[in-house]
Each structure stands twice: as C-alpha cells, then as structure tokens.
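First to last, the protein sequences are chains A and B.
Here my numbering = 1-based position in the first sequence + 30.
Here my numbering = 1-based position in the second sequence + 30.
Glycine included, C-beta positions come from ideal geometry on N, C-alpha and C.
Just below is one structure, and these are the notes that go with it.
There are 2 protein chains.
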Amino acid sequence: MWKTRAYVRLKEGVLDAQGRAVEQVLKQEGYDISDVRIGKTIEFVTETKMEQDILREMGSKLLFNPLIETIEFSEDFLP
Amino acid sequence: MWKTRAYVRLKEGVLDAQGRAVEQVLKQEGYDISDVRIGKTIEFVTETKMEQDILREMGSKLLFNPLIETIEFSEDFLP
Numbered sequence: 031m032w033k034t035r036a037y038v039r040l041k042e043g044v045l046d047a048q049g050r051a052v053e054q055v056l057k058q059e060g061y062d063i064s065d066v067r068i069g070k071t072i073e074f075v076t077e078t079k080m081e082q083d084i085l086r087e088m089g090s091k092l093l094f095n096p097l098i099e100t101i102e103f104s105e106d107f108l109p
Numbered sequence: 031m032w033k034t035r036a037y038v039r040l041k042e043g044v045l046d047a048q049g050r051a052v053e054q055v056l057k058q059e060g061y062d063i064s065d066v067r068i069g070k071t072i073e074f075v076t077e078t079k080m081e082q083d084i085l086r087e088m089g090s091k092l093l094f095n096p097l098i099e100t101i102e103f104s105e106d107f108l109p
C-alpha cells in the first residue's frame, strides 16, 4: 500500500486572506513572524503506487486550482 | 531567515467529513483510493530560528486544536 500526500499552496503573489488574518493574530500575541501562508494537504491510500500522469490529472481536475495554486506530491510505501 | 512549516492533521479516529466528501468524488471519478484525510499547513517566516517550546506554545494556542488534531513542525534556513 502507498500513502500519497498532496501539498496545495497558493501561488506567490496571490493574496492569502486567511494567512493575513492568522498573521495579525500571531503578531498581536507577540510573535515576531511574517509572510504567513495557509495551505492544504490531501492524504490518501492506494494499493499500488500511482502513476505521475494520473496524479497530475487527478490533481488538476479535483484537488487544486492551477490558476492560483500549486501542488506537490509525495509518495511513501506503507509496509 | 527561517521558514517554519506547521502541518496540522486530524487525529486518527476523528471523523474527517471533508475527506469523506473528497473521497466520494474521487471514487466516482474512477480513482481507486481510500482513507482520504484533509490537513492544513501554516507556513511563516522568522528572522531567527524559533525555539521548540515557543513553537509548541504558539501551536497549541493558535494553530491547532490538541483535542482532535496533531501538529508537526519543520524549519528550514532561507539563504
């Protein structure tokens, strides 16, 4: 079995309203941080390793918006 | 400068309604996948590397709900 993780992030330059809100709260709490960006992970399990092109197709159809987001996959074997 | 990434996941056994919904759609589309779990990443930049205990405090105050979620941090140096 394989565990695939998809990491979805907003592209640089795309306004991250949720990140802005979190940043503001963290700063109010006294943390000296900047450039907060919120992303999403989608994890799932498959019997066999997924082909790169199937992953790419699945990603752009269902998991992310290529106009404003990027996606990265990592695949790990589950013993 | 340092980039910290926080990965927030629902604990095993906690119902992931969003994951269920994504799983159903992926299966309808013909993808043979299971155990879909949706998580969240929070990335931010700091001038200096953050201390582990500050991260832990910040995490449990603001970034995740320890009752139902787990959090993991990774820190990378930005040249």
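Got a sec, what are the start and stop residues for the beta strand (DSSP E) residue i sits in?
i: residue 38/A; result: 32–40
Between which two residues does the alpha helix (DSSP H) harbouring residue i extend?
i: residue 70/B; result: Not the alpha helix (DSSP H): residue 70/B falls in the beta strand (DSSP E), residues 64–76.
i: residue 83/B; result: 82–88
Less than 7 Å between the beta carbons of residue i and residue j, yes or no?
i: residue 71/B; j: residue 69/A; result: yes
i: residue 107/B; j: residue 65/A; result: no
i: residue 32/B; j: residue 79/B; result: yes
i: residue 46/A; j: residue 67/A; result: yes
What are the residues that DSSP puts in a beta bridge with residue i?
i: residue 106/B; result: 33/B
i: residue 101/B; result: 38/B
Kindly examine the ligand MG and report whether one of its heavy atoms sits closer than 6 Å to the Cβ of residue i.
i: residue 74/B; result: By its list of ligands, the structure shown contains no ligand whatsoever, and the ligand MG lies outside what it can speak to.
Cβ of residue i less than 7 Å from any chain B Cβ?
i: residue 60/A; result: no
i: residue 44/A; result: no
Is the Cβ of residue i closer than 7 Å to any Cβ of chain A?
i: residue 65/B; result: yes
Kindly list the residues whose CB is nearer than 7 Å to the CB of residue i, restricted to its own chain and excluding five residues on each side of it in sequence; keep chain order.
i: residue 99/A; result: 38, 39, 40 and 41
i: residue 94/B; result: 38 and 101
Apart from the five residues just before and just after residue i, which ones in its own chain have a Cβ nearer than 6 Å to its Cβ?
i: residue 1/B; result: No answer is possible for residue 1/B: it lies beyond the span of chain B, which begins at 31 and ends at 109.
i: residue 76/A; result: 32
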